[in-house]
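A.B. asks: Residue numbers (the numbering used here), protein chains in the order written: chain V, 1 to 289; chain B, 290 to 785; chain G, 786 to 1097.
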Amino acid sequence: MSARLTITKTPKCYVGGAFIRSESGRVFELKDQKGEFFANVPLCSRKDLRNAVEAAAKAGPGWAKRTAFNRGQILYRVAEMIESRVEEMAEALMLGGATKVEATKEVVAAVDRIVHYAGWTDKYEAMLGSVNPVASAHFNFTVTEPMGIIGVLAPDERPLLALVSLILPAITSGNCVVALASEARPYPAILLGEMLAVSDLPGGVVNLLTGKRAELVPTFATHEHLRAISGVVNAEQRKALRLGAAESVKRVRLGKAEEAVDWEAETMQGLEEIRALVECKTTWHPVGG
Amino acid sequence: MIMARASNKTNPARELVFGDLWEYDAAPETADPKLKKRYDLFINGQFVAPKKGKYFATINPGNEVKIADIALGDAADVDAACKAAQKAFTTVWGPMPGKERGKYLYRIARLLQDHAREFAVAETMDGGKPIKESRDFDIPMAAAHFFYHAGWADKLEYLAPGRQVAPYGVVGQVIPWNFPLLMLAWKIAPALAAGNCVVLKPAETTSLTALKFGEICQEAGLPPGVVNIVSGAGETGAAVINHPLTSKVAFTGSTEVGKLIMRSLAGTEKKMTLELGGKAANIVFEDAPLDQAVEGIINGIFFNQGHVCCAGSRLLVQESVAGEVLARLKRRLATLRVGDPLDKNTDIGAINSKEQLLKITELVKGGVAEGAEMHQSECRLPAKGFYFRPTLFAKVSMSHRIAREEIFGPVLSILTFRTLEEAVEKANNTPYGLSAGVWTDKGSKILKMSTLLKAGVVWANTYNKFDPASPFGGYKESGFGREGGKQGLMDYCKVG
Amino acid sequence: MPVAKSPPSFRRLFDDIGTVDAVGIEERVAKYGTRSVKKGAKVFGLQLAVTMVDLTTLEGKDTPGKVASLCQKALRPHDVGEIPPTAAVCVYPAMVRHAAKHVKGTAVRIASVATAFPSGQAPLKTRLAEVRAAVADGADEIDMVINRGAFLSGEFGLMQDEIAAVVEASGAATLKVILETSELETYDNIRAASFLAMRVIRPNDFIKTSTGKTSANATLGNNQVMLEAIRDHFLETGVPIAMKPAGGIRTAKQALTFLIAVKETLGDEWLNNGRYRFGASALLNDLVRQLEKERTGAYQAPWNFSEASEGY
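1) Taking Cβ positions, are S979/G and I963/G nearer each other than 8 Å?
2) Can you round the beta-carbon distance between C875/G and G1064/G to whole angstroms, since I take them to be within the 8 Å contact cut?
3) Should R976/G go down as buried or exposed, given a rule of 16 or more other Cβ atoms within 10 Å for buried?
4) Ends of the alpha helix (DSSP H) at C856/G?
5) In chain V, which residues lie with their C-beta within 7 Å of the C-beta of G809/G?
6) Can you tell me where the beta strand (DSSP E) with L254/V in it begins and where it stops?
7) Can you find a CB in chain V that lies within less than 8 Å of the CB of E714/B?
8) If the criterion is Cβ atoms closer than 8 Å, does the pair M430/B and L489/B meet it?
9) Under 8 Å, with one C-beta from each stretch per pair, do the region 755-771 of chain B and the region 719-738 of chain B reach the 3-pair mark?
10) Under a three-way DSSP split, which group does S182/V fall into?
11) What are the residues of the region 622-652 of chain B that lie near chain G, defined by any Cβ-Cβ distance shorter than 7 Å?
12) For T219/V, tell me which candidate among L153/V, E266/V and Q269/V has the shortest Cα-Cα distance.
13) Considering only residues of the same chain and omitting the five flanking positions on each side of A600/B, which have a CB-CB separation below 6 Å?
14) Would you kindly report the start and end of the unbroken beta strand (DSSP E) that includes G1064/G?
15) Are the beta-carbon atoms belonging to L615/B and A683/B less than 8 Å from one another?
16) Here's the rule: buried if 16 or more other CB atoms are within 10 angstroms of the residue's CB, otherwise exposed. What is R390/B?
17) Is the shortest distance between the beta-carbon of L1020/G and the beta-carbons of chain B less than 8 Å?
18) Using 8 Å as the limit for Cβ to Cβ distance, is E1095/G near chain B?
19) Taking E247/V and K444/B to be in contact with their CB atoms under 8 Å, please state how far apart those CB atoms are, rounded to whole angstroms.
20) Are M414/B and N467/B closer than 8 Å when you measure CB to CB?
21) Looking at L704/B and L605/B, is the spacing between their C-beta atoms short of 8 Å?
22) Would you please verify whether the beta carbon of A68/V is less than 8 Å from any beta carbon of chain B?
23) Return helix, strand or coil for M292/B, following the three-state DSSP convention.
24) Can you name the start and end residues of the beta strand (DSSP E) that R894/G belongs to?
25) Please list the partners that N753/B has in chain G, where partner means a Cβ-to-Cβ separation under 8 Å.
26) Beta strand (DSSP E) containing W748/B: first to last residue?
27) Using the C-alpha atoms, what's the distance from G231/V back to T67/V?
28) Any Cβ of chain G within less than 8 Å of the Cβ of G60/V?
29) So what's Q269/V in DSSP terms, helix, strand or just coil?
30) Against chain G, does A137/V count as a neighbour if the rule is that its beta carbon must be under 8 Å from one of theirs?
31) Tell me whether F378/B is buried or exposed, calling it buried when 16 or more other Cβ atoms sit within 10 Å of its Cβ.
32) Distance, Cα to Cα, A907/G vs Q402/B?
33) If you run the structure through DSSP and keep just helix, strand and coil, what is Y1084/G?
34) Grouping DSSP H, G and I as helix and E and B as strand, with all else coil, what is T380/B?
35) For L1072/G versus L831/G, is the C-beta distance shorter than 8 Å?
36) Going by DSSP, what residue range makes up the beta strand (DSSP E) through M929/G?
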């Protein structure tokens, strides 16, 4: 009796709720921690990024319109989906060199982060919005609104926790995300896509691409439909992203890849992160009979 | 039926006569603006000559007469100002308890009130806006901004619960010519309340009240270097924006310059807030209270000669009342008084500069050439000075240049729509997103429109309202960050 | 003229005539207050205002003697200077014949409140009889009150029929229809009542704000709502309706501001006493006092003016 040949999984990107290869047909080799071939990962192109933005644009209005309570339930469900597969996700992180203890710690931290934001969906507005006591006969209030489609660029360090920490504050308020996973350690993002697919998160709200950062940064920078860029990148990429952002007055929030970031810190999550990716809208109306 | 609201009647039985039976006599404001012949830079608490010794003339756009010489600051002057600001920040203003900082702001607010009439006259002479606007809006509102923010200075910890809030240090600010003192107040008051020190560059054509504000700082005993005013041209502003000591910059002006600033700062980690251009839609539904809507449309486009980034320059009227609204607008136009900005009865003053007048003239010519139907008021214009007749364009389509470009003048483009969806689509079909207006008697429609319009400020059944407590700022290419309210103050705070 | 038929519906009426935003209208009228009227324009405005005054006394204690001196004041508001007579004297019906002795045949007209002024709470028959009696005694103008109860309960047809009956009873006399704005409470209602009245009265009949007998009287806001209603009615039908704010206008400065509203809303053709009046008493002396100040250059003491109520 010959030994059974195992079926290997073809890693695919999660875009618009579907699993795609790069339209370019290109892949790049992913090696495991021992340096041996593990899988071929899609090498996404500018066009894949464009398609992902289209998918996000389709999903955006519906996601933003859901009730805050419903968004909270859905995000909590995402946490449940990952929690039930902690070991699998930890192994994905170990591929990138993390020890089992480190990997497990990162996964549970990511789950906790998602739960943290699940609880914010119906609360941040009360903190960021306001009723403004103007000196005239008007009722004046400020509410926040999602910016739209957010481009996320995840760092190589903490490829899951950092990615989740960048995506969650965006989608908490109703934004959609097109994220580029860590170039060196893309596999956790592949797996995250598979977990999102079985959560209740509508397709297109989070779109995860893998590929070469240097190749995609110029498109992230100049794509006008992306209303903000949030990520951790090096100095050269920061400049490129900001230069591109200038063309359509895009909002930019970038951390420095060259500096160590404590992703587990309390200050890496919360209201401030949500605030960075919302617009404030102020409405005036007369008060009179 | 007395008035068929659902019809497009444009031929009323008779017209009203707005003639000269009872003409108002000239009523010039005569208060002394207490101006000097020459204004130096305000750096480190002192008025100092620019290092290169250069000055430029500022003129009254209402009569083209020179008012004073204004110092032309250059990079070296900006450097001195930034160093003074940095020193003030580290030695005095930064360490000072919030409640003490607040008291300085209160003092400035009071002094502005004390000198209000003087400032109003100076503002009108220098910028061309009607005295009733500088007197009743710009100056009181500037004082109100200092009053509002004074109270914040010792309450910053309430802005970001659970987080540390700190000032940036030196803030570089560049402001436009449409609301010279008010924009200064919008910039300086929150910056100072949060504990920053500032270097501010006023607009080239309207430096007077900013430099007079330097006198207020002296009178208030504000520690030297906390506020520095460096007048000059575009290069002076660029020096402020790019100076290594300004860790945060705030700019109000055109989208074009805003993009330039973003590019020039791309290689730095400076924080920015930008309040840029707009092409606001003012949307009138058939069930709107029409006379108040007309008043709001007039106020929306002719306030400050239309030199307002949030001007309601695109009127979207529901087809069923389009004829009626246009007829009312034309009648209202007939009673607007254009002329000497210092006359208390002037509704529309002078265009701020010759350059701006040329730009407006050119865009209006383009509107006529593209086939839009122009209506202008028939008022007499003064012989000297820069004036432009209030102008309405009917039969405008979305592709017309006058419907897409910011004119920044007293020119209204009128478009029509049939359904709410079409109105929203047209309103949002622009790279800008600063403000919008909605007029309807139906509450639920207002809230729906307010949700759908991509704009930072939505005025419903009103227009062009401002308040220090109310955040102002844009979506999309109208900039980012807010001014006013706690949201505006946050943009001057580092959250740790 | 068409009359609103049942079922009574404010909604339908507002669909027809449009609504008013209260804050917006108050912002509009606040701007009139910032107009600066000086020198020649001021003298013109003050004199115009004098010619528009319906010099009024409406008190239980009115006597033929009081009415006589009121008429003298109306004919010659001041003993020096070139001050024109007022438009009319306004008295109760019982005083009409006394007033007639003094002003019949002069420029000053006799206006009489009628229709169970100020409440209007008498049978229609009685109200109409009162109107006829006043006209028979010499009244040139009748100031009637509308049936506010009918209006507020949505019985627009009843309200209009009663006005139409008064139009008929008043014969050749000019009619002024008092809406009693304070009892209508909202600007929307004031606009609606204005239209209902205008549809059944004749060219150059008046709509009038108030009786002066309730807590709130003429304001710039309700004046503006009514001016705009007149404007819309005129532009649609060509029928010019005149306007009379009454009560609460006590100073020359106030009167000028009301006139600025007329100038900028209805234009030159309403700047005469055939189209605009002030129902007032104390106002006249302040107008005269300001005119004297303009003439002499000196501020005037109140006791230089006859019938002055301020003696301090």
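Ideal Cβ placement from N, Cα and C applies to all residues, glycine included.
C.D. replies: In brief:
1) no
2) 6 Å
3) buried
4) P849 to L860
5) P286
6) R251 to K256
7) no
8) no
9) yes
10) coil
11) T624, K633 and N634
12) L153/V
13) I590
14) F1063 to A1065
15) yes
16) buried
17) yes
18) Because the pLDDT of E1095/G is 47, which lies under 50, any placement of that residue in the model is unreliable, and the question is left without a value.
19) Actually they do not touch by this definition, with Cβ atoms about 39 Å apart.
20) no
21) yes
22) no
23) Residue confidence for M292/B is low, a pLDDT of 35 falling below 50, so the modelled location carries little weight and cannot support an answer.
24) R894 to V898
25) Going along chain G, no residue has its Cβ under 8 Å from N753/B, so there is no contact; the nearest lies around 11 Å.
26) V746 to A749
27) 27 Å
28) no
29) coil
30) yes
31) buried
32) 57 Å
33) coil
34) helix
35) yes
36) E926 to V930
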